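A quick write-up on the structure given underneath.
In our numbering, the protein residues as written are 2 to 276.
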């Protein structure tokens, strides 16, 4: 970046600043990332780079999402979506749709969350973008879980984890297992939930996957609630069981236990399940 600055190459400076912002964001350094995304957006506006501006808008939306400014995040995502649709860049479109779906989920605007995430899933499948397919599946599972459509949520979590296993995509497995944990908590299968939550935290540490604010907002309140329903010894034993599991054992455990509750495998199973 310093070399490009010395040469007066604003375009490459903007690209380097945007790349640095993305690295910081993925490391969980949200405040620092926000500063560099703002700089990148300013520089991209000067040089008129629409593709890089679309990426900067997505980045700004994502840091605002992690800072809890959901309405502002949506504004950035919408601007990025409009620009990426103009460019016809489906990968940038996917980023914007994924972010908007997550933001609407946190605002509890579940119909909007479903529509944007479902649209993203359709595009991701069309272009066979595996990362985006899994992200959209996990997000859609959270949306349907919030809608109390438990059978559909279970199917979505199963598909996402099965795909992750098949393609050995380690960095997304912790988030997926945390989704299973929330699913089990909402079914009152608390020790099952703690097993998977525990293993997800072990994986995050092993694979150096940071816990982002949105991860905490989705999961932390549910896990905290389990302590009010389980005595300390039971909770600790469940945690230790999760720590001792191998990755394959944790995945098998999640897939085998997700749709066994007779309360959800009944009438709901016979309803429309297309997604």
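C-beta atoms are modelled at their ideal positions from N, C-alpha and C, and glycine is treated no differently. Computed from a predicted structure; not experimentally measured.
For residue 82, three-class secondary structure by DSSP:
helix
Using the three-state DSSP reduction, which class does residue 53 fall into: helix, strand or coil? helix
Could you give the DSSP three-state label for residue 246: helix, strand or coil? coil
For residue 220 and residue 251, believed in contact at Cβ under 8 Å, the rounded distance: About 16 Å separates the CB atoms of residue 251 and residue 220; that is not less than 8 Å, and the two are not in contact.
**Asked** To which residues of the same chain is residue 97 closer than 7 Å at the C-beta, ignoring the five residues directly before and after it?
**Response** 59, 78, 81, 82, 85
Candidates 101, 222, 33, 199: closest to residue 187 by CA position
222
Rounded to a whole number of angstroms, what is the C-alpha to C-alpha distance between residue 106 and residue 245? 33 Å
### Query
To the nearest angstrom, how far is it from the Cα of residue 277 to the Cα of residue 67?
What is shown of the chain runs 2 to 276, which leaves residue 277 out entirely.
Let me know the secondary structure DSSP gives residue 58 once reduced to three states. helix
In the structure shown, what three-state DSSP assignment does residue 304 receive?
Residue 304 falls outside the range modelled here, since the chain spans only 2 to 276, and no answer is possible.
Notebook entry, point to check: Of all the alpha helix (DSSP H) runs that stay within the bounds of the stretch 168–256, which reach a length of 4 or more residues?
Noted result: Counting only runs of 4 or more, we get 174–187, 191–208, 214–227, 233–245.
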